[in-house]
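According to my numbering, the sequence shown holds residues 3 to 428 in order.
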Amino acid sequence: MLPEPANDPGLRAWCDIPTSTDFPIQNLPFGVFSTADRSARTATRIGDQVVDLSALAELGLLNDLPHSQEAYATDSLNPLLRSGRPGITSLRRRLSEILRKDGPWDKDRDLITRKAFLPVASATMHVPVKIGDYTDFYSSREHATNVGSMFRDPKNALLPNWLHLPVGYHGRASSVVVSGQEVRRPNGQTRPDDQAPPIFGPSKQLDFELEMGFITFDGPELGNPIPIGKAQDHIFGLVLVNDWSARDIQKWEYVPLGPFLAKNFATSISAWVVTLDALAPFRVEAPEQDPPPLPYLHRTGPQGLDISLEVDIVPAGSTAATVCRSNSRYLYWSMEQQLAHHTVNGCNVRAGDLMASGTISGPTPDSAGSMLELAWKGTRPLAMPDGSERTFIHDGDTVVMRGFAQRDQVRIGFGELRATVQPAFP
Ligand code: CA
């Protein structure tokens, strides 16, 4: 079997790559793009180039892999995901061979460039998978503690279940949008005065939530759990997630069934799915768990990921303010634990499901992953470069999230997750 490209920091591509890129040959993420003259198809990315997988297939370079030609030429990654982790692993290793300096296809670089490469600026990116179901967890202890302190009791910030299971809820798949798509401020019911009836109008407390999400391969049939030791076999890769939240709508509506319209108006994800294989060198121990969880949630090896995360707010016509620096390694509940818990009752997962971590907050004030925490419920406004202040997100603001892992001069990143907020429906 070919070597895993992410494990070889010395690997070089035959094409030009910016030195600080998120997309060296060790990454090789997957996405879906279209161009002005042709409909959506699948791709990988290297440096600032989109590499059209359907074109590589037409050149015969992807023969003898477990995917049909049509699977590369379609508007979602779902047909490719049907081959499971072995199929995607073998595809990524083939792509690494094709793009490797002094590799077997280096001599064909001119042909490959002409037929399959285009600059990222010429590509329109799409939501990379047809998401069947979207689940959002609540896996950051710091975030749950901050929110519990704010709205309940700092001495008993965590609810009794929190240290025993990864709390989650079912989200909405239809409103998941890709980086670059605008997000409209939601209208809804709020109750700003506890002594008065609720009112209707645009949310006044629109917030981002910095999260990482993972996309699944098919799991076993309905009724069969995924044991934690097999969870990685069912995880395709990760994206950045901005789980937009209207705090004022949330506060009024969430009792007793949890978030609804405060969350389902939009969830933004980054365009490139970075595979679990590419992130393997960045595994770290997740935070120690006390009390130890029940046996079905026992971790099997390092299940944290050392991915640096940042959030910028860019006011309209102004420059960016970096308001948050965090890391996915702070997550108390791992992806594997989330997936094992999600399926322990027999709930099935399907190729293309999205599972998000919940807001990722770290131990320091500037590592909180939401405005709710950064500006502490509106009491500590953040200064913007244009002299304005933010407690929540304004119309015209652009929220930009970035994530990357780095070691041995190799940086495996996600690119940007960017969305601008439009005024509410009139
Ligand atoms: Ca969330």
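Glycine included, every Cβ here is placed at the ideal spot set by N, Cα and C.
| Asked | Found |
| --- | --- |
| Measure the beta-carbon distance from residue 275 to residue 239 and round it to whole angstroms, keeping in mind my assumption that it falls under 8 Å. | 4 Å |
| Quick one: what's residue 166 bridged to in DSSP? | Residue 166 is not bridged to any residue. |
| So if DSSP puts residue 160 in a beta bridge, which residue, or which two residues, is it bridged to? | Note: residue 160 sits in no beta bridge, so no partner. |
| Between residue 20 and residue 412, what straight-line distance do the alpha-carbon atoms span, to the nearest angstrom? | 12 Å |
| Residue 105 by DSSP, collapsed to three states: which one? | coil |
| Decide yes or no for the touch test of the stretch 245–257 against the stretch 281–291: beta carbon pairs closer than 8 Å, at least 3 of them. | no |
| Could you check if residue 334 is buried or exposed, using at least 16 other CB atoms within 10 Å of its CB as the buried criterion? | buried |
| From which residue to which residue does the beta strand (DSSP E) around residue 357 run? | 356–358 |
| Let's see if you can read the secondary structure: which residues bound the alpha helix (DSSP H) around residue 150? | 143–153 |
| Please classify residue 210: does DSSP put it in a helix, a strand, or coil? | coil |
| Which residue's Cα is closest to the Cα of residue 395: 405, 374, 381, 389? | 374 |
| Within the continuous beta strand (DSSP E) that includes residue 54, where are the two ends? | 51–54 |
| So does the stretch 346–362 actually touch the stretch 134–150, counting three or more Cβ pairs closer than 8 Å? | yes |
| Spatial neighbours of residue 74 within its chain, please: C-beta separation below 6 Å, excluding the five flanking residues on both sides. | 44, 55, 56, 59 |
| Less than 8 Å separating the beta-carbons of residue 261 and residue 140? | no |
| Closest to residue 210 by C-alpha separation, out of 173, 165, 246, would be which residue? | 246 |
| Given the structure, does residue 260 come close to ligand 1, in the sense that its CB is under 7 Å from one of the ligand's heavy atoms? | no |
| Got a sec: does ligand 2 put a non-hydrogen atom nearer than 7 Å to the Cβ of residue 358? | Ligand 2 is not among the ligands present in this structure, which contains only ligand 1. |
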